[in-house]
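K.L.:
First to last, the protein sequences are chains A and B.
Numbering follows the numbering used here, in which position 164 of the first sequence is assigned residue number 156; successive positions increment by one, without gaps.
Numbering follows the numbering used here, in which position 205 of the second sequence is assigned residue number 1085; successive positions increment by one, without gaps.
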Amino acid sequence: MKNSQKSSRGKTKIIFAVGFVLLAVSAVLGITLGSTPLSFEEIKTAFIEGFDTTAGGKIFLYVRLPRTLAAIVCGGALAVSGAVIQGVLANKLASPSIIGVNSGAGLAVTLCTALGVYGGWKQSLFAFLGAFAVVMLISVSARKWGASRGTVILIGVAANSLLGAISDAIVTFFPEVGVMSNDFKIGEFSAVTYEKLLPAAILIMVTITLLITLTNELDVLTFGEDNAKGLGMNTAVMRTIFLLLSAMLAGCAVSLAGLVSFVGLIVPHAVRRIAGSKSSRLIPLCALFGGAFVCLCDTAARTFFAPYEIPVGIIMSVFGAPFFVFILIKGKGGHSRD
Amino acid sequence: MIDVRNLGVGYGKTSVLCDVSLSLEKGKFVSIIGTNGTGKSTLLKAILGMIEINSGEILVDGAKSAELSRGEIARKIAYLAQGKSVPDMTVGQMVLHGRFPHLSYPRRYSENDRKIAAAALEQTGLSEYKETPLPSLSGGMRQNAYIAMSLAQQTDYVLLDEPTSYLDITHQIRLMKTLRELSDSGKGIAAVMHDLPLAFGFSDKIAVLNEGKIALFDTPENVCESKIIGKIFGVELKYNSTEKYYFYDMKATL
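(1) Does S0(A) come within less than 8 Å of chain B when only Cβ atoms are used?
(2) For M308(A), return the contacting residues in chain B, with the cut-off set at a CB-CB distance below 9 Å.
(3) May I ask you to check if the CB of V900(B) is nearer than 7 Å to at least one heavy atom of the ligand NAP?
(4) How would you list, in chain order, the residues of chain A whose beta-carbon sits under 9 Å from the beta-carbon of H977(B)?
(5) If we ignore side chains and look at the alpha-carbon of each, how far apart do L1078(B) and Y1125(B) end up?
(6) Starting from the C-beta of M172(A), find all residues in its chain whose C-beta is less than 7 Å away, skip the five residues before and the five after it, and write them out in chain order.
(7) Assuming I913(B) contacts V1088(B) (C-beta within less than 8 Å), just tell me the rounded distance between them.
(8) Sort out for me which residues DSSP pairs A1087(B) with in a bridge.
(9) Cβ closer than 8 Å: which chain B residues qualify as neighbours of A82(A)?
(10) Do Y1119(B) and C1104(B) have their CB atoms nearer than 8 Å?
(11) Relative to the C-alpha of A125(A), which residue among S95(A), K221(A), V198(A) is closest?
(12) What are the boundary residues of the beta strand (DSSP E) that Y1037(B) is part of?
(13) Note down the Cα distance separating D1106(B) from K1085(B), rounded to an integer number of angstroms.
(14) My assumption, with CB atoms under 8 Å, is that C66(A) sits in contact with V252(A). Please give the rounded CB distance.
(15) List, in chain order, every chain A residue whose beta-carbon is nearer than 9 Å to that of Y959(B).
(16) Does F980(B) have its Cβ less than 8 Å from a Cβ in chain A?
(17) Quick one: is G1066(B) near chain A, going by C-beta distance under 8 Å?
(18) Report the option in S1007(B), T1035(B), Y1037(B), D1036(B) whose CA atom is closest to the CA atom of A1025(B).
(19) Got a sec: is the Cβ-Cβ distance from T185(A) to anything in chain C below 8 Å?
(20) Helix, strand or coil for E1116(B)? Go by DSSP, reduced to three states.
(21) Quick one: is S140(A) near chain B, going by C-beta distance under 8 Å?
(22) Given that T205(A) touches chain B, what residues does it touch there, using C-beta distances under 8 Å?
(23) Going by beta carbon distance, what residues of the same chain come within less than 6 Å of I996(B), once the five residues before and after it are set aside?
(24) May I have the straight-line CA-CA distance separating A331(A) from A284(A), to the nearest angstrom?
(25) Are the Cβ atoms of C287(A) and I7(A) separated by less than 8 Å?
(26) For the beta strand (DSSP E) containing L887(B), name the first residue and the last one.
(27) Give the straight-line distance between the Cα atoms of A100(A) and F296(A), rounded to the nearest whole angstrom.
(28) What does a CB cutoff of less than 7 Å around N152(A) pick up in its chain, not counting 5 residues either side in sequence?
(29) Quick check on the burial criterion: 16 or more other C-beta atoms within 10 angstroms. Buried or exposed for T291(A)?
(30) So L220(A) is in the alpha helix (DSSP H); what residue range does that whole segment cover?
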């Protein structure tokens, strides 16, 4: 028994190490690859002589670095948000993009832009409020009507459609808004600036750190309403806190990169298959693998057809969908009855 | 002692429990029986402070339960709800969460918590299943794992809502024996039961709920002799004094 415990801990350490290495490799690739490749020598020179003195230095500081960081924090945020929403709604089909949370944030960003607010804290706040409103609506209606897991997804699909329609209507009436362009709908990082990145990244880092301290609460919530209450948890308060935090993550990610879909669904599933459902492993691993996944996809999106660039959402779907089906089919036993 | 005094509970204008009084002492096993929808689960939830009470009071070791926080109640009373979900975690991880009410933010389980959880696994014979995922266990084993979690909670009282549902007869009897051992070891056990012979065979007292009221709260022998079971359930319960077991008298019923 002790041996199996030790081997389980050893396996967890290896998975974490792989996650860190993958994240580091994806960051290096994200920074060095692109329509104009950057060498380590150029980056080193920029650090010594100043970033504004060479073209390579400028590309590094103003293009690649913010973009790579944005892809990492955005991917981590959406994957963690997906894992939390799935846990709280006890529904593994749920994810920020599927149940309309991203659309809520997208509508809020569109409104925000129509009102003349571009980037920065205010946009992140608007996105968070939009995401939170939708996730609370879904959660409350699911509980009030005792909706089944399938119904929750259908409510989300309806919410997605409605919110998308409202966003489109706003763009129709205010064409100058333009944020609901195809790029925004599919998700992409080409327009990331430090002004947009910093507030969102700080909020995302703080929120993920907070969630890592709440992993036991997230586990207990999966015992079901009454058993969690029996263990002394104020389930209504905890559920609201979790949905608030997951909306914060989804909202920040959308304000940065638009409606990036899929990552909130496939990364938590993949991590569960590899490392199990224990939240203290699931949350940090989702942050690592989600960040690495989106960063690699973004690098692919701007290098595969360089100098042309395609939205990262397309790459994620092309590679993510078959991979997702693969892990579902190849998944180990023990998780098959959920 | 858990002392329920003249309890009244209702949802909106509908009264579910009316003037209910009963007590649960440490070291005793009380079974709560009654037909469907008569307020048995509501009674347990009221004791746990999960639903508001309209009248009366509930005292847990002398303190009014309405004035206790959820955490304070969870350190005194463990609760196993009906229709438990099957969390995707190992048996060991789940049992360790029994220590949840004893910690405050940020809840991190100590070496002592792990020792208590290991002892709970040992006591329920689940030590070798510590690393087994809960979804791959049988219904009986899962119920046992939930019992182990309540043991790790180290409470004086354990309330269970239909603990034997969906279990085969072997596991039902095994579970009742475990509950009996727990009450003999000093815990106060209250279980909502549908299987009358099992409830009567293992309990110290039977609380008969009928239409939201306590029809009788007495020893199994006295409840059986009172013939109230026949009136409420439409079946006769008899006692075989030689073999010492309760059984349904099918002839009288048919």
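Every residue, glycine too, gets a C-beta built ideally from N, C-alpha and C.
P.N.:
Let me spell this out:
(1) yes
(2) What M308(A) touches in chain B: nothing, since even the nearest Cβ is about 25 Å away.
(3) The ligand NAP is absent from the structure shown, which contains no ligands of any kind.
(4) N208, D211, V212, F215, L223
(5) 9 Å
(6) Because M172(A) carries a pLDDT of 49, less than 50, the predicted location of this residue cannot be relied on, and the following value inherits that uncertainty. Around M172(A): T102, S159, D160, V163.
(7) 6 Å
(8) I912(B), F1097(B)
(9) S965
(10) yes
(11) S95(A)
(12) 1037 to 1041
(13) For clarity, residue 1106(B) is Ser in the given sequence; the question names Asp instead. For S1106(B) and K1085(B), the distance between alpha carbons rounds to 14 Å.
(14) 6 Å
(15) D218, N219, K221, G222, L223
(16) yes
(17) no
(18) S1007(B)
(19) The structure shown contains no chain C; the protein chains it does contain are A and B.
(20) strand
(21) no
(22) Y985, P986
(23) A1032
(24) Residue 331(A) falls outside the range modelled here, since chain A spans only -7 to 330, and no answer is possible.
(25) no
(26) 882 to 891
(27) 33 Å
(28) G92, S95
(29) buried
(30) One detail in the question is off: residue 220(A) reads as Ala in this sequence, not Leu. Run containing A220(A): 217 to 222, per the alpha helix (DSSP H) assignment.
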